[in-house]
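Report on the structure given below.
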Amino acid sequence: MFNLLVVDDDKKLCEVLSEELNEIGYNADYVTTADDAINFVKSKIVDLMLLDLKMPDKDGFYVLHKLKELDTNVKTIVLTAFADVNGAMESAKLGALDFISKPYDLDELIIAIRKVLQADEQ
Ligand SMILES: [Mg+2]
Numbered sequence: 050m051f052n053l054l055v056v057d058d059d060k061k062l063c064e065v066l067s068e069e070l071n072e073i074g075y076n077a078d079y080v081t082t083a084d085d086a087i088n089f090v091k092s093k094i095v096d097l098m099l100l101d102l103k104m105p106d107k108d109g110f111y112v113l114h115k116l117k118e119l120d121t122n123v124k125t126i127v128l129t130a131f132a133d134v135n136g137a138m139e140s141a142k143l144g145a146l147d148f149i150s151k152p153y154d155l156d157e158l159i160i161a162i163r164k165v166l167q168a169d170e171q
């Protein structure tokens, strides 16, 4: 079973999305701050992180930088506002594998998740 971590300062989104992911067979947790995300990946196995870019204090870019620094195998999909093209491009440079615009479409997100995890399923 794949371990997913939702990282978003919107707690309601975290609750809804992680529940949706759990219902379709993933093991999904969530945290609402960048620091909690980093601490989580340091102590637990995370295959894929669904990462919000815009968070107060430390943002999604900070998390992407930190993941690089830690040299983790955590894959990332960024959840970004619709018009945030620069944010999407910048996060790609930092290693994010895909971007989903918010409000997210669950089917679209699931396809992106499967695609990113596909290499590990074989
Ligand atoms: Mg946010």
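Residue numbers (this note's numbering): 50 to 171. All C-beta atoms in this analysis are idealised placements derived from N, C-alpha and C, irrespective of residue type, glycine included.
Please indicate yes or no: does the CB of residue i lie closer than 7 Å to some heavy atom of ligand 1?
{"i": "K124", "result": "no"}
{"i": "K103", "result": "yes"}
{"i": "D154", "result": "no"}
{"i": "D84", "result": "no"}
{"i": "D106", "result": "no"}
Quick one: is residue i buried, meaning 16 or more other Cβ sit within 10 Å of its Cβ, or exposed?
{"i": "D57", "result": "buried"}
{"i": "I73", "result": "exposed"}
{"i": "L100", "result": "buried"}
{"i": "S140", "result": "buried"}
Let's see if you can read the secondary structure: which residues bound the alpha helix (DSSP H) around residue i?
{"i": "I87", "result": "83 to 92"}
{"i": "F110", "result": "109 to 119"}
{"i": "N135", "result": "134 to 142"}
Mind reading off the beta-carbon distance from residue i to residue j? Whole number of angstroms is fine, and I expect it under 8 Å.
{"i": "T121", "j": "L146", "result": "Rounded, the Cβ-Cβ distance is 14 Å, inconsistent with contact."}
Would you give the residue range spanned by the beta strand (DSSP E) that residue i belongs to?
{"i": "N71", "result": "It is not in any beta strand (DSSP E) - N71 instead sits in the alpha helix (DSSP H) that spans 60 to 72."}
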